[in-house]
Structure formats: structure tokens, C-alpha cells
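For the sequence shown, counting from 1, position 68 maps to 68 in full-length UniProt numbering; every step adds exactly one. Cβ atoms here follow ideal geometry from the backbone N, Cα and C, with glycine treated the same way. What you are looking at is a predicted structure, and each value in this text was computed from that prediction instead of being measured. As C-alpha cells, the structure follows; a few thoughts come after it.
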Amino acid sequence: MAVSPSSIATDHKKHWWVTNRKLVDKYVKDARFLIATRERNDVTSALVLLDAALALSPRSELALELKARSLLYLRRFRDVADMLQDYIPSLKMSSDDSSGSVSSDISSQQLSREQVKLLHSDNSSSGSPVHDPSFKCFSISDLKKKVMAGLCKNYDKEGQWRYLVLGQACCHLGLMEDAMVLLQTGKRLASAAFRRESICWSDDNFTLPVIITTPDISSAATPPRNVSSLSQSENISHLLSYIKLLIRRKTAAIAASDAGLYSESIRHFSKIVDGRRPASQGFLAECYMHRASAYKASGRIAESISDCNKTLALDPTSIQALETRAELLETIRCFPDCLHDLEHLKLLYNSIMRDRKLPGPPWKRHNVRYREIPGKLCALTAKIQRLKQRVASGETGNVDYYALIGLKRGCSRSELERAHLLLCLRHKPDKATGFIDRCELADERDLDSVKDRAKMSALLLYRLLQKGYSSVMSAIMDEEAAEKQRKKAAAATAALQAAIQVQQTQCCNSKLEPETGFNDRVNSGENKAATNAFQGVFCRDLAAVGSLLSQVGFNRPIPVKYEALSC
1 MAVSPSSIAT
11 DHKKHWWVTN
21 RKLVDKYVKD
31 ARFLIATRER
41 NDVTSALVLL
51 DAALALSPRS
61 ELALELKARS
71 LLYLRRFRDV
81 ADMLQDYIPS
91 LKMSSDDSSG
101 SVSSDISSQQ
111 LSREQVKLLH
121 SDNSSSGSPV
131 HDPSFKCFSI
141 SDLKKKVMAG
151 LCKNYDKEGQ
161 WRYLVLGQAC
171 CHLGLMEDAM
181 VLLQTGKRLA
191 SAAFRRESIC
201 WSDDNFTLPV
211 IITTPDISSA
221 ATPPRNVSSL
231 SQSENISHLL
241 SYIKLLIRRK
251 TAAIAASDAG
261 LYSESIRHFS
271 KIVDGRRPAS
281 QGFLAECYMH
291 RASAYKASGR
301 IAESISDCNK
311 TLALDPTSIQ
321 ALETRAELLE
331 TIRCFPDCLH
341 DLEHLKLLYN
351 SIMRDRKLPG
361 PPWKRHNVRY
371 REIPGKLCAL
381 TAKIQRLKQR
391 VASGETGNVD
401 YYALIGLKRG
411 CSRSELERAH
421 LLLCLRHKPD
431 KATGFIDRCE
441 LADERDLDSV
451 KDRAKMSALL
461 LYRLLQKGYS
471 SVMSAIMDEE
481 AAEKQRKKAA
491 AATAALQAAI
501 QVQQTQCCNS
511 KLEPETGFND
521 RVNSGENKAA
531 TNAFQGVFCR
541 DLAAVGSLLS
551 QVGFNRPIPV
561 KYEALSC
């Protein structure tokens with residue numbers, strides 16, 4: 001019997017498809033075995049096998065899930081976000097910007113449930129052209145998939161793992177609002193799937209569903225257990241509670257700052273950055289930046305510069321931190337360091353204009369939009385030229401160290417020493433990397449670079465504080481020396497005035513001497529007449545002596561004739 005060429009081609013195509021599927025199943029099986037060992041090297045090898053399986057079958061749901069959980073286990077959160085970035089709510093909300101910018105002013109109230117894609121999109125199956133991704137959740141094909149998934153009771157396999165895995169990754173990347181929405185969506189879908197499955201179960205074989213919700217990816221290859229599923233759901237609940245706590249504190253701090261209560265805002269942000277539980281790198285950088293703005297508004301320049309340094313150590317491309325630190329250095333007239341920051345900011349703007357996108361991945365938040373960069377670059381160039389002219393004119397030596405330390409002019413030595421001691425204890429270079437212990441880095445390979453940036457910026461600030469202390473102390477010593485000179489001059493003037501007064505009194509006494517001589521002669525005659533009554537009296541009676549002394553006076557001699565004292 002002759003075989004047609006079409007049937008031969010069909011058999012060959014079927015054989016090729018079966019071979020690829022067998023290879024994919026083999027790669028996935030081997031990857032599961034490696035993942036079950038919980039060793040980092042084995043999990044890395046499993047990622048290679050999963051990449052090979054996805055190269056043959058890009059839409060393999062099991063391979064995608066295992067890869068995402070493996071990346072999460074290896075703490076490669078950025079790779080997870082890049083892999084599932086279509087499911088990040090804030091990225092979908094900012095997709096309307098044609099320039100490709102991502103705004104950072106997205107609040108938790110704007111993250112509505114309707115803007116989260118609830119099902120995995122498959123444009124090839126619908127046969128329709130690609131539309132705006134913000135309307136994918138309302139497509140008819142996705143609605144059909146949702147209904148069929150509910151009827152077939154396989155809804156938990158449709159892609160709810162995406163929300164749980166991506167929610168944990170967003171939490172570690174600092175996208176707290178996105179993480180809260182994604183984890184809540186994953187829990188809601190898991191609860192709905194559990195309710196649908198529990199309807200057809202009898203009381204004899206009733207068990208809890210196995211839902212992998214933590215980075216412990218070994219449960220994908222181990223038999224289901226009720227205890228592990230309970231602990232995993234509890235971990236997700238605890239993580240959600242912690243995320244909500246951080247969002248509440250951040251919201252309260254921003255509200256206090258907007259109301260002008262900067263000390264209250266600083267207190268709330270300090271609770272976040274100094275908490276016992278480590279927070280994510282991106283979220284801490286954002287909190288440090290907000291606290292730096294609060295410090296700046298309250299006039300605490302050294303603390304504001306320190307928080308800007310920490311923000312730039314965690315995120316070197318933070319435009320807001322560079323702008324704020326440059327403004328602070330310009331405020332205290334430290335123009336060389338201000339020019340350094342402005343030149344760095346100019347290079348960053350030029351790189352953005354060259355790449356035609358903001359720095360970092362698409363899901364990273366910024367406080368500016370791409371269309372604002374050209375105007376900012378022109379204004380920055382003019383500002384740099386003005387500062388260079390001021391530096392060339394010699395305005396580099398009059399740094400306002402009083403504002404840097406936080407003192408008023410004319411302060412005492414004790415006030416300066418107290419303020420300097422507090423600043424040294426807070427901003428000592430040896431303690432510059434202490435905040436990294438409370439920070440959960442998105443990539444452990446960035447640890448050394450973060451420490452180097454923190455140490456360098458803290459050393460520059462410490463040297464500036466020491467220079468300010470010596471300058472203010474010398475000014476206080478000069479004021480004390482001038483005060484001593486003024487006191488000596490005042491004492492000399494007082495002594496001179498006293499001498500002049502003594503001379504004047506002596507002159508007055510010399511003019512009154514003739515009159516006093518005449519009076520003395522008259523008094524002496526009277527005294528002679530009075531003393532005649534006492535001549536010849538032997539004064540043995542004490543009462544008589546006392547009366548004589550009282551009449552004559554203690555300071556006047558008693559005229560007595562010695563010849564009258566004989567017996």
C-alpha cells in the first residue's frame with residue numbers, strides 16, 4: 001500500500017512534537033529532583049534545565065512556575081520581577097505614558113483591584129492583534145478561560161502562583177503597595193479555588209489543598225502535607241501584616257510632613273528605618289529620602305545630608321537625593337561639593353537622554369518623568385555655570401558652619417561641644433555601615449559596593465563637621481579673647497575715673513583748709529576753757545573717766561596738765 005507524502009509529513013511532525021514534549025518533561029523532572037535537595041548549586045543547575053525546557057516550550061506552565069520559585073529561592077528578586085513584570089499593578093498604571101517613564105507618586109489608594117490582571121494572557125490563542133495591556137483583564141478570551149477553569153476545577157493551576165511569587169519579590173524590592181495587592185489577590189484566588197474543590201469532596205477524604213506560597217520550593221517535588229500548607233499560608237499572612245504596618249507608618253509620616261509636623265514625620269520614618277525586622281533596599285531608600293526632606297524642612301542640615309548619603313548608597317541613581325544634597329551644600333555655601341553633585345546629576349541626565357528611558361528596570365519608581373528631563377537639564381547647566389563663576393570669584397572660604405552644625409552665631413563653647421559630640425556620635429565613619437544590617441538587599445552581590453559608597457560619603461561629611469568645629473571654635477576663642485580685652489579696658493577705665501575723683505576730692509579739701517583752720521582755733525579756745533575745770537583732779541573714778549571720754553570723743557586727745565596729777 002502506498003503512503004502519501006502528506007501522511008509522512010504528519011507523522012514526522014507528530015514525532016518531532018512528541019520528542020520535544022518528552023525532552024521538556026525530562027528537563028522538568030530532573031529540575032524537580034535538583035530543587036528538592038535545597039542546595040544553592042543544585043537549584044542553579046535546575047535553572048539551566050528549566051531554561052532549556054522553556055526554550056522548547058515557552059508556555060509550559062510548570063516550567064515557568066519552577067523557574068520563578070527557583071529565582072525566588074536564590075533571592076534573585078529582580079529576575080522574578082523582570083520575568084513577571086506584566087503583572088505588576090503600578091507598571092500597568094504607568095503604561096499610558098508614551099515616553100516610558102514610571103511615576104513614583106502612586107499611592108495605595110490608586111492600586112485598585114480592577115487594574116490587576118487576574119489570568120494569564122495568551123494573545124496567540126485569541127487570534128486578535130495585540131492591544132493595550134491595560135485592557136487585557138476585560139478581554140472575552142480571558143473571561144472564557146476563567147469560566148472554564150471554574151468548571152474544570154483546575155483554577156489553581158491557571159496561574160495564581162504568579163501573584164504569590166511576584167508579591168513576595170515585590171516586597172523584597174520595595175514595591176510595598178504592589179506586593180500588598182498581589183498577595184491579597186493570590187490569597188483570594190487560593191481561597192476561591194479551595195471552596196470550589198471542597199464542594200465535591202466527601203468527609204472521608206477531606207484534605208487541605210497544597211499551595212506553594214513561600215520561597216521553599218522543595219514542596220513542588222515532595223508529597224502534599226497539611227502542616228506545611230498551613231505554615232505557608234501563615235507565612236503569607238504574616239508577610240501581609242508586616243507590609244500593611246510599613247505602609248501605615250509611611251502614610252502617617254508623609255501626612256505629618258505635609259501638615260508641617262516635621263518632628264512627628266521624622267519619628268515615624270525612624271521607626272521604619274530603625275526597626276528590628278529588616279526592610280527591603282528600595283523601601284528603605286525611599287524612607288531615608290523622605291526623612292531627609294523632613295530634616296531639611298526643620299533646619300537640621302547635617303542629618304539631612306547624612307540621609308541623602310544613605311539613599312545614594314542604596315540607590316546611586318536617585319535623582320531626588322542628588323538634588324536635595326546639592327541644595328543643602330549650596331545653602332551652607334560649600335560650592336565645590338555642590339558642583340560635584342550637580343556634575344554627577346548632569347551625567348545622569350545625559351545618560352537618560354541617550355538611552356531615552358529612566359535608569360533602572362521598567363518597574364522601578366522615580367520622582368520625575370522622562371519628558372521633564374530636557375527642561376531640568378537646561379536649568380541644571382545654567383546653574384552649574386553660575387556656581388562656577390562664584391567659585392572663580394573666590395566665594396569658597398565663607399562656609400556657613402553654624403548652619404551645618406545647627407547653632408546660632410554667638411553660641412557658647414559648651415553649646416558647641418555638646419552639638420559636636422552628638423553629631424560625631426551619629427555620623428562617625430565607623431558607624432556609617434550600621435544601617436546596612438537592617439537592610440535587605442535585592443542582590444547580595446551589591447553588598448560591597450553599598451558599603452564602599454556609605455563609607456566614602458560618611459567620611460566626607462565627618463571631615464566637613466570637623467572642619468566646621470575647628471572654625472567655630474576658633475571664632476568662639478577670638479570672641480572670648482576680645483571679651484577679656486574689653487573687660488580689661490573697662491577695668492582700666494574704672495580705675496582712671498576713680499583716680500580722677502580722688503584728685504578732685506583732694507583739690508576740694510585743699511581749698512577748704514583756711515576755713516577749717518579758723519574753726520579749729522575757735523574750737524581749741526573752747527576746749528581750753530572746758531579743760532580748766534578738770535585741772536588738778538586725780539581721775540581714779542572710772543565713771544568720771546567714761547563721762548570725760550564721752551564728752552571729748554575717742555579720737556581727740558584729752559588735754560591734761562601733768563602737774564595737777566600729783567597727790
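Three-state class that DSSP yields for residue i in the structure shown
| i | result |
| --- | --- |
| residue 573 | The structure shown does not extend to residue 573, since the chain is modelled only from 1 through 567, so no value can be given for it. |
| H420 | helix |
| H427 | coil |
| C508 | helix |
| R300 | coil |
| V48 | helix |
| E372 | helix |
| D258 | helix |
| A193 | helix |
| residue 568 | Residue numbering for the chain in the displayed model covers 1 to 567; residue 568 lies beyond these limits and cannot be assessed. |
| G468 | helix |
| V24 | helix |
| R409 | coil |
| P89 | helix |
| S57 | coil |
| G394 | coil |
| residue 581 | No answer is possible for residue 581: it lies beyond the span of the chain, which begins at 1 and ends at 567. |
| A482 | helix |
| D42 | helix |
| A432 | coil |
| L358 | coil |
| V450 | helix |
| D400 | coil |
| D30 | helix |
Range covered by the alpha helix (DSSP H) that runs through residue i
| i | result |
| --- | --- |
| C171 | W161 to L173 |
| K271 | Y262 to V273 |
| F335 | F335 to D355 |
| L71 | E61 to Y73 |
| R78 | F77 to M83 |
| R38 | Per DSSP, R38 belongs to no alpha helix (DSSP H) and is neither H nor E. |
| A326 | I319 to T331 |
8 Å Cβ shell around residue i - same chain, five flanking residues per side excluded
| i | result |
| --- | --- |
| P316 | R453 |
| A53 | L23, V24, Y27, V28, A31, S60 and A63 |
| A326 | C338, D341, L342 and L345 |
| L407 | E415, L416, A419 and V472 |
| L459 | P429 and A432 |
| D274 | R438 |
Residues near residue i in its chain [Cβ-Cβ closer than 7 Å; skip 5 each side]
| i | result |
| --- | --- |
| C171 | A179, L239, I243 and S280 |
| H268 | R249, A252, A253 and A256 |
Cβ neighbours of residue i in the same chain (closer than 6 Å, five flanking residues each side left out)
| i | result |
| --- | --- |
| I384 | L342 |
| Q497 | none |
| Y402 | R409 |
| Y163 | L182, T185 and G186 |
| P374 | none |
| Y262 | A294, A297 and S298 |
| Q45 | Residue 45 is actually Ser in this sequence, not Gln. Cβ within range, chain order: L34. |
| L189 | Q160 |
One or two residues paired with residue i in a DSSP bridge
| i | result |
| --- | --- |
| E440 | S280 |
Cα-Cα separation between residue i and residue j, rounded to whole angstroms
| i | j | result |
| --- | --- | --- |
| L246 | I272 | 7 Å |
| residue 621 | L284 | Outside the displayed range of the chain (1 to 567) lies residue 621, so it cannot be described from this structure. |
| L66 | L322 | 40 Å |
| residue 577 | R300 | Not covered by the structure: residue 577. The range shown for the chain is 1 to 567. |
| K481 | H427 | Looking at the sequence shown, residue 481 is not Lys but Ala. Taking the straight line from one Cα to the other gives about 31 Å. |
| R38 | P361 | 29 Å |
| I236 | A382 | 51 Å |
| L357 | L91 | According to the sequence displayed, residue 357 carries Lys and not Leu. C-alpha separation (whole angstroms): 14 Å. |
| A81 | L166 | 7 Å |
| residue 604 | I405 | Here the chain has residues from 1 to 567 only, and residue 604 is not among them. |
| L423 | A259 | 28 Å |
| N509 | A494 | 23 Å |
| A302 | T331 | 12 Å |
| I305 | Q320 | 12 Å |
| Y462 | P429 | 7 Å |
| A490 | I500 | 15 Å |
Residue i Cβ short of 7 Å to the ligand MG heavy atom set
| i | result |
| --- | --- |
| G468 | This structure lacks the ligand MG; in fact it carries no ligand of any kind. |
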